[in-house]
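This report concerns only the one structure given below.
Numbering (UniProt numbering), first residue to last: 1 to 93.
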């Protein structure tokens, strides 16, 4: 095997091996490839897939943890903006 035919990806975080129930395959955007099998008839299509790991993302903080952290003012401002946006949307402005 040549070194150009295989690519190695190094993963340094704890999510390098995931059980199948924590990852989801979704169709990737774009056109499918045409499979040329040499048989007669309509050629098959191979769709690209994207693997989405659902358990590897940083979990969000609860309100108490967020307001006790170093970004307290930024969290308060973000919550106020979100609240105002929801009120505005609810009243149809």
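We put the CB at the ideal spot given by N, CA and C, even for glycine.
Could you tell me the distance, in whole angstroms, from the CA atom of residue i to the CA atom of residue j?
i          : j          : result
residue 76 : residue 70 : 12 Å
residue 83 : residue 68 : 20 Å
Under DSSP, the alpha helix (DSSP H) around residue i begins and ends at which residues?
i          : result
residue 67 : 63-68
residue 89 : 72-90
Going by DSSP, what residue range makes up the beta strand (DSSP E) through residue i?
i          : result
residue 46 : 44-46
residue 33 : 33-35
So which of the options has the shortest CA-CA distance to residue i?
i          : options        : result
residue 33 : 51, 73, 46, 27 : 46
residue 50 : 27, 64, 39, 44 : 27
Considering only residues of the same chain and omitting the five flanking positions on each side of residue i, which have a CB-CB separation below 8 Å?
i          : result
residue 30 : 48
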